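Once you know that position 351 of the sequence shown is 351 in full-length UniProt numbering, the rest is easy, because the numbers rise by one and skip nothing.
Working notes, structure below.
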Amino acid sequence: MPERVEQWWSRRQWSKGTTVPYEIGRFRTDWERYPVLVRQYHPDLNHGITLTQVPPAADVYLVWQCDSGHRFVATPEEQRQRPGTSRRRSTWCPDCAPLAVRRRAPTAALAPGSAAPGAAASALTRYACGHPRDPDRIEAAPGQTEPSDDRCSLCRRLDGAPVTRDELLSIVAPRMRGLLTDETRVGRRYTWLCPVGHGSYQATVERMLGGRRCLTCLHARAAADRVEVGEAFSSPWAPPTASAAEADLRHRLASRLAVDLAPNAVRVPRPFFNHIEVWPDIVIAELRVAIEYDTTGRDGLEHVGRREQTDRRKDRLLRAAGWEVIRVRCGKLQPIGPHDIQASGVSATLIERVLDELREVRGDLIVNSYLA
């Protein structure tokens, strides 16, 4: 259970039998890859204990202060995992994050004991199709003629759709089949199972009726379906070069190796964010080696926290496809793989280190045969 920083420090002093259980700078390399957290941490708010004296895995409550002045308490693990999938700097602060998210206005609640108009009359009735009547559907007003087709919205929509309700029930997640059986709307979101084996995905009933189903299948039809697992190819989904440094690294490698760097994707055995392909920064198909150029970015959000876990997952998929990964880790980022290289930037020395690592991965004879 996490404890206050002064209690944690006192306990560590007792267990280690010394006044300073962790010297200043002991964990500097662990925290250098989180520049935002370095700015948020202030020793004067934590009884004079510096961040470099706190192990990243310590179960202790620390006081942090964001650039806007918000103070909050969180453990090192909670703070390192905070960015999630967002690229905004505000995601590092629990007070700033909600302010940056557009929220829907809450629906006005009914007064206790009151009921919506017509709810008592419609609660015990059903549509002509046999499904429970929707209390939110606007019915005919008194004195008006009842609609000729008194079926639910979904049944009326299914008339012109290429699928039936039974077909939808066969691909919806098992735990949601009961809900879909009595469903009357087309805008409700369900979890569906891909028949090809790409896993589950979320979509509204209307989206399914329109034929827009598994995104992984849709993306794969563009190119990945035409190649085997482990093959490199040119994908229309791959993003362009992210930085000038990455382009410089590509250009320098192209001048040293007689290889084709045109492919920008590798087919992998399992889906990765709705794709069965990954997009390394540099793809060397002849050697089956992917090269990544990693920095923390302008706001210190890239390749840290949960994004580091995404990088590890991407590397595992590449290795499962028979490839190896070399990551050039800049900006105090620590290696996460056996062949990663730490560097301050692109230089002639870095190119030689990359070539040496390629020889380590594929052997001197093979790599030297591709030298330009």
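Using N, Cα and C, we set each Cβ at its ideal position, and we do this for glycine too.
All figures in this text were calculated on a predicted structure; none of them were measured in a lab.
Residues of the same chain with a CB within less than 8 Å of the CB of V186, apart from the 5 flanking positions on each side, are S153, L154, R157, T204, V205, E206, L209 in chain order. If you keep only unbroken alpha helix (DSSP H) runs of at least 4 residues inside the stretch 208–268, you get 215–222, 244–256.
Shown here for R71: same chain residues with a beta carbon closer than 8 Å to its own, the five before and five after excluded, namely L45, V63, W64, Q65 in chain order.
Within a 10 Å sphere around the beta-carbon of G69 sit fewer than 16 other beta-carbons, which makes this residue exposed. In the three-state reduction of the DSSP assignment, V38 falls in the helix class.
The C-beta of D340 has 16 or more other C-beta atoms within 10 Å across all chains shown, which makes the residue buried.
In the same chain as D311, and ignoring 5 residues on each side of it, the C-beta atoms closer than 8 Å to its own belong to E292, D294, H303, R327, I336, in chain order.
Distances from the alpha-carbon of L287 to those of D356, C214, V361, T296 put V361 closest. By the neighbour-count definition (other C-beta atoms within 10 Å, threshold 16), E183 is a buried residue. Of the residues W92, L317, G211, E324, the one whose Cα lies closest to the Cα of R306 is W92.
Within the DSSP bridge table, the entry for I49 names no partner. Taking 8 Å as the cut-off, the beta carbon of P263 is found no closer than this to the beta carbon of A290.
Nearest to P239 by C-alpha distance, out of W279, V266, W9, F273, is W279. Assignment of A320 by DSSP, reduced to helix, strand and coil, places it in the helix class. Our two residues, V54 and V354, have alpha carbons roughly 34 Å apart in a direct line.
At a cut-off of 4 residues, the continuous stretches assigned as alpha helix (DSSP H) that sit fully inside the stretch 141–185 are 153–158, 165–171, 177–181.
A distance below 7 Å between beta-carbons, with the five flanking residues on each side excluded, links T52 to the following residues of its chain, in chain order: I24, G25, R26, F27, R28, W31. In the three-state reduction of the DSSP assignment, W8 falls in the helix class. Spanning the alpha carbons of A320 and S344 requires a straight line of approximately 30 Å. Counting along the chain, A203 sits inside the beta strand (DSSP E) bounded by residues 200–204.
Closest in alpha carbon position to L301, among L37, H219, S255, is L37. When beta bridges are read from the DSSP output, Y293 appears opposite V328.
When DSSP reads this structure, F72 sits in a beta bridge with W64. The residue among G178, R177, L218, T181 with its C-alpha nearest the C-alpha of V196 is L218. Per DSSP, R189 is one residue of the beta strand (DSSP E) stretching across 189–193. R4 is a Cβ neighbour of Y61, given a cutoff of 8 Å. In this structure, P2 lies near D59, with their beta-carbon atoms less than 8 Å apart.
Straight-line measurement puts the Cα of A222 at about 35 Å from the Cα of N368. With fewer than 16 other CB atoms across the displayed protein chains lying within 10 angstroms of its CB, A57 is exposed. In this structure, R270 lies away from E231, with their beta-carbon atoms at least 8 Å apart. Distance from the Cα of L317 is smallest, within the candidate group V229, R298, K332, for V229.
Straight-line measurement puts the Cα of T18 at about 52 Å from the Cα of R252.
Take P236, set aside five residues on each side of it, and the residues of its chain with a beta-carbon closer than 6 Å to its own are A222, in chain order. Cβ-Cβ separation between K332 and R82: approximately 19 Å, too far for a contact (criterion under 8 Å). A straight line joining the alpha-carbon of E357 with that of E308 spans about 22 Å.
Taking C-beta separations shorter than 7 Å and ignoring five residues to either side along the sequence, the partners of T50 in its chain run I24, P43, following chain order.
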